[in-house]
Amino acid sequence: MIVVSNLTKRFGQVVAVNNVSLEINDGELTGIIGPDGAGKTTFLKMIAGALEPDIGSIEIDGRSFEDNREELKKRIGYLSQTNLVYGDLSVWENIEFFAKIHKVPQWRKKGEELLEFAQLTPFKDRLADQLSGGMRQKLGICCAIIHQPSLLILDEPTTGVDPVSRRELWIMMSSFLKSSMTIVIATPYMLEAEHCSKVGLFSGGELLKYDSVENLRRETKDQTFEVRSQRLKSVYEYFRSSNSDIEVMVMGDRISLSLPSDQNAEDILRKLRDEVDRDVIIERVRPTLENVFTELIKNQSKGA
């Protein structure tokens with residue numbers, strides 16, 4: 004188990020992480036989400052032991068970095084946002100390098116198994132710089148777990164990756180969870196975070212909420228709808244101009260609509276039909292993490 008208590012990190016006058024406390028259970032997939040500058044990367048660096056907190060403590064299985072740094076490093080696999088594989092080395096040379104850094108016994112067999120699992124065996128002689136973004140990320144994960152850590156920390160591994168490779172990366176993580184590995188992943192994609200056991204919502208260096216996806220949804224007071232229309236642009240502009248408290252987002256061929264709990268949804272939607280599109284299709288839907296996060300940010304700005 005990871006126990007984080009009152010974690011704080013400043014860079015000059017900027018508070019990157021502010022008094023964050025949470026617990027992560029063994030074998031769980033925990034998502035850390037939030038916009039750029041929310042403090043996600045700084046938080047992950049601290050629990051990976053790559054950055055010292057100014058205030059607070061981190062314990063992994065009852066051990067702190069202060070007294071057990073070398074032992075904990077053996078338990079942790081960390082893939083940073085910049086991906087630490089070396090572009091001028093081949094796929095296999097990267098595996099060899101990280102295996103020898105971690106003093107992995109019988110590393111060749113383990114390396115071959117990982118490349119086969121990641122579908123990288125046909126590319127083992129290719130330079131890492133010549134891999135696609137998704138293949139490079141898969142190689143980075145292989146290098147991060149070559150020493151068989153019990154905790155894997157991933158900082159936005161699917162950012163900028165094509166949809167097929169993104170799916171393959173999540174299949175890899177699902178497999179790791181079956182072997183009781185604990186995974187902490189930062190992602191800007193709310194839909195990805197819905198796969199996590201628990202989610203930490205960060206904004207401005209603060210942890211707004213930390214709970215299961217289901218519990219976060221239940222706490223949402225806003226009313227959420229899905230709107231489909233042949234006049235989607237007009238519907239969008241209607242909501243944007245009619246009420247500043249309404250959250251509206253275009254999601255492909257439909258609109259995600261979020262109304263505050265004190266708004267009369269029936270009246271608002273009736274006016275939409277009368278004034279914009281009589282044939283509009285409106286369906287009440289379960290709130291997404293996007294809705295949850297938007298509501299939390301709105302409440303934070305109001306001081307709620």
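Residue numbers for the sequence shown follow the numbering used here, beginning at 4 and rising by one. Every residue gets a Cβ at the ideal spot worked out from N, C-alpha and C, and that includes glycine. Everything numeric in this text was worked out from a predicted model, so none of it was measured.
For methionine 49, the secondary structure class from DSSP, reduced to helix, strand or coil, is helix. Rounded to whole angstroms, the gap between the alpha carbons of glycine 90 and lysine 106 is 22 Å.
The beta-carbon distance between threonine 161 and threonine 185, rounded to whole angstroms, is 19 Å. This is too long to meet the 8 Å contact definition.
According to the DSSP assignment, asparagine 218 belongs to no beta strand (DSSP E) but to the alpha helix (DSSP H) extending over 216 to 222. DSSP lists no bridge partner for methionine 138. Apart from the 5 residues on each side of it in sequence, tyrosine 239 sits with its Cβ closer than 7 Å to the Cβ of Val251, Val253 and Ile258 in its chain, given in chain order.
Around the beta carbon of glutamate 195, 16 or more other beta carbons lie within 10 angstroms, which makes this residue buried. Under the three-pair Cβ rule at 8 Å, the stretch 215 to 229 does not count as touching the stretch 24 to 33. When the Cα atoms are used, glutamate 62 and histidine 150 turn out to be separated by approximately 21 Å. Here threonine 11 really is in contact with asparagine 22; their C-beta atoms are around 6 Å apart, less than 8 Å. Unbroken alpha helix (DSSP H) runs of no fewer than 4 residues, entirely contained in the stretch 147 to 229, are found at 166 to 181, 193 to 196 and 216 to 222, following chain order.
Judged by beta-carbon spacing, lysine 141 lies beyond the 7 Å limit of valine 94, meaning their Cβ atoms are not closer than that value.
One alpha carbon belongs to serine 183, the other to arginine 169, and they sit about 22 Å apart.
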